[in-house]
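Protein sequence lines, in the order shown, are assigned to chains A and B.
Going by my numbering, the first residue of the first sequence is number 909, and it counts up by one from there.
Going by my numbering, the first residue of the second sequence is number 10, and it counts up by one from there.
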Amino acid sequence: MKSAADIEQTAAEWLVRREGDGWSDADQAAFDHWVAEETAHRIAVIRLETVWRKAGRLRVSALRSGEAEASGSVRASTSSARTEAGDGAVDNPRRRWLWPAVIAASLALASVPIYRNLTAAETYATAVGGFQRFPLADGSRVDLNTNSRLDIAYTKAVRRLDLERGEAFFKVAKNPARPFVVHAGAWRVTAVGTAFTVKLRGGDIDVVVTEGRVRIDPPATGSASARPIFASAGQAATATGAAPIVRPLSAAAIDMALSWRDGLLIFEGRPLGEVAAEFNRYNQVQLVVDPSATGVIVDGSFRATNVEGFLRLLRRGFDVQSVRDGPGELLLKKI
Amino acid sequence: MDDLDQWFAEQILPFEGALTAYLRRVWPDASEIADLRQEVYVRVYQGAGRQRPPVARFFLFSVARHLLIDRLRKSRVVPIDLMADLDALNVLSDDISADRILSGRQELARLEAVLGDLPARCRETFVLRRIDELSQRETAEKMGVSEATVEKQMVKAMRILADRFWNAASRSAQGADDGKADSDEKRR
């Protein structure tokens, strides 16, 4: 089978050419032949064509908002209701005079989607062992780690996100006029054009900054001593109680702190207890370290959900055995 | 599009985001994801041509898992991590539940967002040609480029739109309160 990318390119070229003026019966026959040749060809066409056809509906939505503007009496907030009213009006030639407004509206649409004014709150959640990567409406990106939950409540003035539990990495689209603020526990982490992670542990947070700078505001206690602190690229902040500590991190340490984004756990000379705790974040089965095995130091990288592989390695490499210890618990013991 | 095509577009493609996320999660080589996905689609389409499965997404994910196992058995160099246990390939309920079919309005909102993701020239070409319905020649004139360039930009727009649209599917993954309780209940 040819590569998916090549097939998709060929399919897209066919579909675009088909919309042009010079499309002949012979072209159609050649296209049909190509589609019938391989199931993969047909699928590429279905996949592209379906979206392409849906994208034609943007015209309807642009027309409706153009109409709203032209009449001057209907605000953007009602345009969504109008869009649902049906597709009947699209090809009405009497609406042609609206085209200048429509073009203006459709260009605006490209950067300011109509519905965005409605700023619906969204929630993203992952289960234990889960991972999600998604873009936000402003172009920022989020990677959500295992067992995490993030609420997004954007308003015109501020991009507010609430990390309810777990850990997330943020790649923030620059917009100084609209700060990007992550609330985690009682803490606030504010970024302007930055990439960073926030990890919520109980009421404490860990912040690792990979680009730019963030500002960390402690919980409002009413006392004057609770001042904001700043962490820059290459630094990590651990905020416990009311006194955050900022320390520099090596490039390797940052890689390690972010390895979960690739589904990996990377350890360099970490004690078994810490490693087990890390695995426990991603898996239903919980590892408990017996005092006999606390001295074991682990090096290496593991797929976060591959507890089995990790246990095998412990047995072979470190003489550490796992025994069932209550429901859903494994005790790690030195033999 | 015939009936089977329609079924594929409506029942399978909306899970592309979830499928891609699953493949990424379990397969070590990111450069192979698009090809693996293509192969999954071909098997699903051909399988459904023989007999339409009752629940499309379960079928989709089981085909995906079997394909990966086949691949592992055939390949000469197997990533130790995966060989160690095929359980790593298991489909979690999280993978499957990470998606849902959108309403017409949600679809439109997503298309608008995706349109914003296109590179500027590409978006301009798309808007002139497809929304303002200029001909290819008119578009080329207006932008001061050749018709071949317009065609190229449209091909690019089509591919990016399809990719973002289907893969964005996983972004609106869990609805407002489809939080812990729900996913806990469904897991395993």
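We put the CB at the ideal spot given by N, CA and C, even for glycine.
Fair warning: this is a prediction, and the values are worked out from it, not measured in the lab.
By the rule that beta-carbons nearer than 8 angstroms mark a contact, A:G964 touches chain B.
The shortest CA-to-CA distance from B:E116 to any of A:T958, A:L1052, A:L1071 and A:D1059 is the one to A:T958.
Boundaries cannot be given for B:E19, as no beta strand (DSSP E) includes it and DSSP labels it neither H nor E. A:A1145 is positioned such that its CB atom lies closer than 8 angstroms to that of A:I1137.
Think of a sphere of 7 angstroms around the beta carbon of B:Y50: the chain A residues whose beta carbon falls inside it are I951, in chain order. Cβ contact annotation for A:A1160 (same chain, cutoff 8 angstroms, sequence separation greater than five): E1176, in chain order.
Around the C-beta of A:R1155, fewer than 16 other C-beta atoms lie within 10 Å, and the residue is accordingly described as exposed. With respect to A:V1050, A:E1075 sits apart: the two C-beta atoms are not nearer than 8 angstroms. Here the region 912-922 of chain A makes no contact with the region 1216-1225 of chain A; the two share fewer than three CB pairs at distances below 8 angstroms. For the C-beta of A:S911, the chain B residues within less than 9 angstroms are, from N- to C-terminus, A43, D44 and Q47. Distance from the Cα of B:K165 is smallest, within the candidate group B:V72, B:A129, B:S40 and B:G56, for B:A129. Across the region 138-156 of chain B, CB contacts with chain A closer than 9 angstroms involve R138, R139, I140, D141, E142, S144, Q145, R146 and E156, in sequence order along the chain. In the DSSP assignment, A:G1177 falls within the beta strand (DSSP E) that extends over L1172 to P1179. Within the DSSP secondary-structure output, A:F1104 pairs in a beta bridge with A:F1078 and A:V1117. With three or more CB-CB distances shorter than 8 angstroms, the region 57-73 of chain B counts as touching the region 26-41 of chain B.
Note: A:I1124 is bridge-paired with A:V1097 and A:I1137 in the DSSP secondary-structure output. Following the DSSP letters along the chain, one finds B:A57 inside the alpha helix (DSSP H) bounded by residues I42 to R59. Proximity of the region 158-173 of chain B to the region 118-137 of chain B meets the contact definition, three or more beta-carbon pairs being nearer than 8 angstroms. When Cβ-Cβ separations below 8 angstroms define contact, A:E945 makes no contact with chain B.
Contact between A:V1115 and A:T1102 does not hold, since the beta-carbon distance rounds to 10 angstroms and is not under 8 angstroms. Using a Cβ-Cβ cut-off of 8 angstroms, A:V959 counts as an interface residue toward chain B, since at least one Cβ of chain B sits closer than that to its own. Collapsing the DSSP output to three states places A:D935 in a helix. Between A:I915 and A:A963, the CB-CB gap reaches or exceeds 8 angstroms. The beta carbon of B:V164 sits closer than 8 angstroms to some beta carbon of chain A.
At a C-beta separation below 8 angstroms, B:D14 has these neighbours in chain A: R950 and I954. For B:F174, there is no enclosing beta strand (DSSP E); the enclosing alpha helix (DSSP H) has its first and last residue at E156 to N176. The alpha carbon of A:G1120 has as its nearest neighbour, out of A:P1126, A:R1135 and A:Q1143, the alpha carbon of A:Q1143. For A:V1197, same chain residues with a beta-carbon under 7 angstroms away, outside a window of 5 residues either side, are L1180, G1181, A1184 and L1240 in chain order. For B:L76, the three-state secondary structure derived from DSSP is helix. Taking 8 angstroms as the cut-off, the Cβ atoms of A:I1153 and A:A1139 do not count as close. Residue-level contact check: A:L923 touches chain B, since one or more beta carbons of chain B fall below 8 angstroms from its beta carbon.
Contact check for A:N1055 against A:R1189 passes: the beta carbons are separated by less than 8 angstroms. With contacts defined as CB atoms closer than 8 angstroms, A:F939 and A:R955 fail to qualify as a contacting pair.
At least 8 angstroms separates the CB of B:F24 from every CB of chain A. Look at A:L1221 here: in three-state DSSP terms it is helix. Within 10 angstroms of the beta-carbon of B:Q145 lie 16 or more other beta-carbons, which makes it buried.
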